[in-house]
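Visitor: Sending over a structure as structure tokens; questions will come in a sec.
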Amino acid sequence: NCEHGLAAQKVYELAWSEFCDWYIELAKSDLFDGTPERAATVRAVLRYVLETLLKLLHPFMPFLTEELYRNLPGYADESCMLSAWPEYRQELVFESEEAQMQGIMDLIRSVRNLRAERKVQPGQKARLLLRAAPGWEKTLQAAEPHFKRLSAASSVTLLAPGDSVPDKVVSAVTVAAEVLIPLGDLIDFDQEIARTKKELDTLNKEIERAQGKLNNPGFVSKAPPALVEAERQKLTDNQAMLTVLTARLAELEA
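FYI, in my numbering the residues of the sequence shown are 3 to 256.
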């Protein structure tokens, strides 16, 4: 079975979603702020992975990968097409390290989600308080530079049992840790309360409009079924959003 489309999708995910989205960004901490030895190791890994990716992509993008391959240092007279095809190497499988890295990535995603839900500006920094899951303390300590760079953390604190935390925090739980962010680091309370009340007012008016429409027998019987269903779905979505915003306002005013 020659699943060319599946093969292309897998290589694309490796190149774009893991190498470009994550590894290059994570590598910057060591390249810019790490020791010379650590930076040299990271550069070697970047080179090895990029070279391998170009070979894997070559059957799907021959001209572009050939050009990029010849621009690698020392490869001006080499050809990607004539190079050896990458082979599976068991000694390069690091299952434990991969699980640790996945835990760090999930934690960073959780922080980004917490910020996005509250419409925090990308450049605004906030403290991260981490309550590590059993066995994760050393991994989280080592990942502190990554948290600062990729989740806009002004500081990263590993909480010990019994440590106090601010009264108002937002939090998320992952396999690696519970992350808490002081709400005051993210928002201006008065402005956020006013903005949320305005959103609630708009949403309530939209819900009342939709309910009036759907309670009108003339609309339900005469409008195209697809239009009626779309209106019902919109009402359902707005009611769900109303629940979220109401809870957020209560959190802000507590």
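Even for Gly, the Cβ is constructed at its ideal location relative to N, Cα and C.
(1) Identify, in the order they occur along the chain, each residue of the same chain with its Cβ nearer than 7 angstroms to the Cβ of E53, setting aside the five sequence neighbours on each side.
(2) With a CB to CB cut of under 6 angstroms and the five nearest residues on each side skipped, what residues in its chain are close to L58?
(3) Between L16 and I209, what straight-line distance do the alpha-carbon atoms span, to the nearest angstrom?
(4) Please state the DSSP three-state secondary structure of T43.
(5) Along the chain, where does the alpha helix (DSSP H) that runs through S112 open and close?
(6) Expressed to the nearest angstrom, what Euclidean distance is found between the alpha-carbon atoms of T37 and V167?
(7) How far does the beta strand (DSSP E) with S157 in it extend, from its first residue to its last?
(8) In whole angstroms, what separates the C-alpha of E231 from that of L237?
(9) Check each candidate in W18, E5, K121, I26 and name the one with the smallest Cα separation from L152.
(10) Output the boundary residues of the beta strand (DSSP E) element that contains E180.
(11) Should W18 go down as buried or exposed, given a rule of 16 or more other Cβ atoms within 10 Å for buried?
(12) Express the C-alpha separation of L70 and D93 in angstroms, rounding to a whole number.
(13) Looking at C-beta atoms only, is the number of pairs between the stretch 134-144 and the stretch 210-224 that lie closer than 8 angstroms three or more?
(14) Measure the CB-CB distance between A179 and L109 and report whether it falls below 8 angstroms.
(15) Under 8 angstroms by Cβ, that's how I've got L254 and E201 pegged, so tell me the actual separation to the nearest angstrom.
(16) At the level of alpha carbons, what is the spacing between A252 and D239?
(17) When DSSP builds the beta bridges, which residues end up paired with R49?
(18) Using only the alpha-carbon positions, how far apart do I195 and I189 sit?
(19) Helix, strand or coil for L131 per DSSP?
(20) Tell me where the beta strand (DSSP E) around S173 begins and ends.
(21) So L205 packs on M243, CB below 8 angstroms; how close in whole Å?
(22) L116 to V171, Cα distance in whole Å?
Guide: Taking the geometry as given:
(1) In the sequence shown, counting from the first residue as 1, residue 53 sits at position 51. Same-chain partners within the cutoff: L74.
(2) To locate residue 58, count along the sequence shown from 1; it is residue 56. These residues qualify, in order along the chain: V13.
(3) Position 14 of the sequence shown holds residue 16. Position 207 of the sequence shown holds residue 209. Distance between the alpha carbons of L16 and I209 is about 43 angstroms.
(4) Counting from one through the sequence shown, the residue named residue 43 turns up at place 41. Note: T43 maps to helix in three-state DSSP.
(5) Position 110 of the sequence shown, counted from the start, is the residue given in the question as residue 112. Taken as a continuous stretch (DSSP letters only), the alpha helix (DSSP H) holding S112 covers 97-119.
(6) Taking the sequence shown and counting its residues from 1, one reaches residue 37 at position 35. Taking the sequence shown and counting its residues from 1, one reaches residue 167 at position 165. If you take the alpha carbons of T37 and V167, they lie about 34 angstroms apart.
(7) As a working mapping, residue 157 is identified with position 155 in the sequence shown. Segment 155-160, the beta strand (DSSP E) holding S157.
(8) Here residue 231 is taken as the residue at index 229 of the sequence shown, counted from 1. Here residue 237 is taken as the residue at index 235 of the sequence shown, counted from 1. Distance between the alpha carbons of E231 and L237 is about 10 angstroms.
(9) For this step, residue 152 is matched to residue 150 along the sequence shown. Of the candidates W18, E5, K121, I26, the one whose C-alpha sits nearest the C-alpha of L152 is I26.
(10) Position 178 of the sequence shown holds residue 180. Unbroken beta strand (DSSP E) run through E180: 179-184.
(11) Taking the sequence shown and counting its residues from 1, one reaches residue 18 at position 16. The residue is exposed, with fewer than 16 neighbouring Cβ atoms inside 10 Å.
(12) Working through the sequence shown from its first residue, we reach residue 93 at position 91. Working through the sequence shown from its first residue, we reach residue 70 at position 68. Note that residue 93 is Glu in the sequence shown, not Asp. In a straight line, the C-alpha of E93 is about 27 angstroms away from that of L70.
(13) no
(14) As a position in the sequence shown, residue 179 is number 177, starting the count at 1. As a position in the sequence shown, residue 109 is number 107, starting the count at 1. Contact flag set, yes.
(15) Walking along the sequence shown from the start, residue 254 turns up at place 252. Walking along the sequence shown from the start, residue 201 turns up at place 199. Their Cβ separation, rounded to whole angstroms, is 12 angstroms, which puts L254 and E201 out of contact at 8 angstroms.
(16) Locating residue 252 in the sequence shown gives position 250, where the first residue counts as 1. Locating residue 239 in the sequence shown gives position 237, where the first residue counts as 1. Roughly 20 angstroms separates the two Cα atoms.
(17) In the sequence shown, counting from the first residue as 1, residue 49 sits at position 47. DSSP, once it has assigned bridges, lists no residue as partnering R49.
(18) Here residue 195 is taken as the residue at index 193 of the sequence shown, counted from 1. Here residue 189 is taken as the residue at index 187 of the sequence shown, counted from 1. Approximately 10 angstroms, taken between the alpha carbons.
(19) Start at 1 with the first residue of the sequence shown, and residue 131 comes out as number 129. Residue state, collapsed to three classes: strand.
(20) Counted from its first residue, the sequence shown places residue 173 at position 171. Taken as a continuous stretch (DSSP letters only), the beta strand (DSSP E) holding S173 covers 171-175.
(21) Within the sequence shown, residue 205 is the residue found at index 203, counting from 1. Within the sequence shown, residue 243 is the residue found at index 241, counting from 1. With a Cβ gap of about 6 angstroms, L205 and M243 count as contacting.
(22) Sequence index remark: in the sequence shown, residue 116 carries index 114 (1-based). Sequence index remark: in the sequence shown, residue 171 carries index 169 (1-based). Cα-Cα distance, rounded: 11 angstroms.
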